[in-house]
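Participant:
Numbering (the UniProt record's numbering), first residue to last: 1 to 326.
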């Protein structure tokens, strides 16, 4: 940071980039990138004069020691495309004015100490493709307006204090491939509308208070790699069409109240690496087709009511490192 001297051009400062931008008849050099991750920066964002940066599209200040609140004046950065502030010590609420940044495509506030609710005005930032508020202390409901973010590909609201229902409007986010809502206090059903998110690869709803059955529509998500529903209050049986998820690598349904038998279709999940079904109320015998899961490394079935012997073909699974059956 020794290059940051008052008598020199900011365009020569470490972490800043400038570009010539036409402004009327003039073509001045203006700051178009602030990139100072891991730079040991202390201070408050509110000390910056955002109104002097009207052409700024990129800010990356992650993994520093910024503290204080996210200032409302940040909404004056109308050209902003990416705002990365994760891994700092920001506190207070996410200001409603953040919804004025309607060009924003990437917004990450993860690993801070933010409180308050998720503002409904976030739904105005319809160009967003990535939104991260993971590992804060945000509370209240997930606003229905989240369903207006139809360009979202990544949504991380995990490890907060969010409560209430998952909004039905989540089904509008048809480009989503990562949805992390784990580690909250969300209740009610797993929305059947999630089955509309056909590009989903990583769905993690674990460690909440979700109840009711696993919706059959979930098995429409044929690109799914990881499905985490553990540590909830899920009832009913595993959908018989679970075998449609033929790209699935990890299936974690443990510590719920799932009943019924293990569906034979589970044997279609030939890429499955780990299967965690323990601490449920599953009954019946193990389908022989499970013995054909040649990529399986971990099989955990204990604390259920499964009876009978394990399929002989399990002995052919050379990658199996751990099996805890009954």
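We treat Cβ as the ideally placed atom computed from N, Cα and C, and that holds for glycine.
From a predicted model like this one, the values you see are computed outputs, not experimental measurements.
Could you pull out every unbroken alpha helix (DSSP H) segment of at least 4 residues lying fully inside the segment 191 to 231, listed in chain order?
Facilitator: none
Participant: Would you mind stating whether residue 165 and residue 139 have Cβ atoms separated by less than 8 Å?
Facilitator: no
Participant: Could you give the distance in angstroms between the alpha-carbon of residue 200 and the alpha-carbon of residue 244?
Facilitator: 14 Å
Participant: Which residues share a DSSP beta bridge with residue 17?
Facilitator: 33
Participant: Mind reading off the beta-carbon distance from residue 114 to residue 74? Whole number of angstroms is fine, and I expect it under 8 Å.
Facilitator: Not a contact, Cβ separation roughly 14 Å.
Participant: Could you tell me the alpha carbon to alpha carbon distance between residue 142 and residue 109, rounded to whole angstroms?
Facilitator: 16 Å
Participant: Can the beta-carbon of residue 171 be found less than 8 Å from the beta-carbon of residue 189?
Facilitator: Not a contact, by the Cβ cut-off of 8 Å.
Participant: Write down every uninterrupted run of the beta strand (DSSP E) in the segment 81 to 131 whose length is 3 residues or greater and which is fully enclosed by it, in chain order.
Facilitator: 82 to 84, 89 to 93, 106 to 108, 113 to 115
Participant: Run through DSSP, which three-state label would residue 274 get?
Facilitator: strand
Participant: Is the separation between the beta-carbon of residue 127 and that of residue 161 shorter than 8 Å?
Facilitator: No; because the gap between Cβ atoms is not below 8 Å, this pair is not in contact.
Participant: Please name the residue, chosen from 223, 249, 256, 193, that lies closest to residue 206 on a Cα-to-Cα basis.
Facilitator: 256
Participant: On the premise that residue 121 lies in contact with residue 146, defined as a C-beta separation below 8 Å, what is that separation, rounded to the nearest angstrom?
Facilitator: In this structure, residue 146 and residue 121 do not form a Cβ contact; the two beta carbons are roughly 11 Å apart against a cut-off of 8 Å.
Participant: Is the beta carbon of residue 130 less than 8 Å from the beta carbon of residue 159?
Facilitator: no
Participant: Beta-carbon within less than 7 Å of residue 219's beta-carbon, same chain only, minus the 5 sequence neighbours each way: which residues are those?
Facilitator: 239, 241, 242, 244, 245
Participant: Since I believe residue 84 is in contact with residue 100 (beta carbons under 8 Å), could you give me their beta-carbon distance rounded to a whole number of angstroms?
Facilitator: Going by Cβ atoms, the distance from residue 100 to residue 84 rounds to 18 Å, so no, they are not a contact pair.
Participant: Helix, strand or coil for residue 284, going by three-state DSSP, please let me know.
Facilitator: strand
Participant: Determine the direct distance from the alpha carbon of residue 293 to that of residue 387, and round the result to whole angstroms.
Facilitator: Since the first and last residues shown for the chain are 1 and 326, residue 387 lies out of range.
Participant: So residue 125 packs on residue 149, CB below 8 Å; how close in whole Å?
Facilitator: 7 Å between Cβ atoms; contact.
Participant: Candidates 38, 95, 286, 36: which alpha carbon is nearest residue 309's?
Facilitator: The shortest C-alpha to C-alpha distance from residue 309 to any of 38, 95, 286, 36 is the one to 286.
Participant: If distances are taken between C-alpha atoms only, which option among 319, 284, 302, 277 comes closest to residue 270?
Facilitator: 319
Participant: Taking all protein chains shown into account, do 16 or more other C-beta atoms lie within 10 angstroms of the C-beta of residue 87, making it buried, or fewer, making it exposed?
Facilitator: buried
Participant: For residue 319, which of helix, strand or coil comes out of DSSP?
Facilitator: coil
Participant: In the DSSP assignment, find the beta strand (DSSP E) that holds residue 156 and state where it starts and stops.
Facilitator: 154 to 156
Participant: Quick one: residues in its chain with C-beta nearer than 6 Å to the C-beta of residue 179, no 5 flanking neighbours on either side, listed in chain order?
Facilitator: 155, 203
Participant: Three-state secondary structure (DSSP) at residue 243?
Facilitator: helix
Participant: Going by beta carbon distance, what residues of the same chain come within less than 7 Å of residue 2, once the five residues before and after it are set aside?
Facilitator: Residue placement at residue 2 cannot be trusted, given a pLDDT of 47 that sits under 50; what the coordinates show is reported in the next sentence. Same-chain partners within the cutoff: there are none.
Participant: My output table needs one value for residue 314: the three-state DSSP class, helix, strand or coil.
Facilitator: helix
Participant: Decide if residue 252 is buried, meaning its Cβ has at least 16 other Cβ atoms within 10 Å, or exposed.
Facilitator: Burial call: buried.
Participant: Which residues in the same chain as residue 62 place their Cβ atom closer than 6 Å to its Cβ, once the five residues preceding and following it in sequence are excluded?
Facilitator: 37, 84, 86, 87
Participant: For residue 272, I'd like the list of residues in its chain whose CB is within less than 7 Å of its CB, leaving aside the five on either flank, ordered along the chain.
Facilitator: 248, 249, 251, 293, 295, 296
Participant: DSSP on residue 57, reduced to helix/strand/coil?
Facilitator: Correct three-state label for residue 57: coil.
Participant: Considering only the beta carbon of each residue, do residue 51 and residue 78 sit closer than 8 Å?
Facilitator: no
Participant: Using the three-state DSSP reduction, which class does residue 2 fall into: helix, strand or coil?
Facilitator: Any reading at residue 2 needs caution, since the residue's pLDDT is 47, under 50, leaving its predicted position unreliable; the model's value is listed next. Coil at residue 2, not helix or strand.
Participant: I'd like to confirm the pairing. Which residues does DSSP put opposite residue 259 in its beta bridges?
Facilitator: Paired residue(s): 237.
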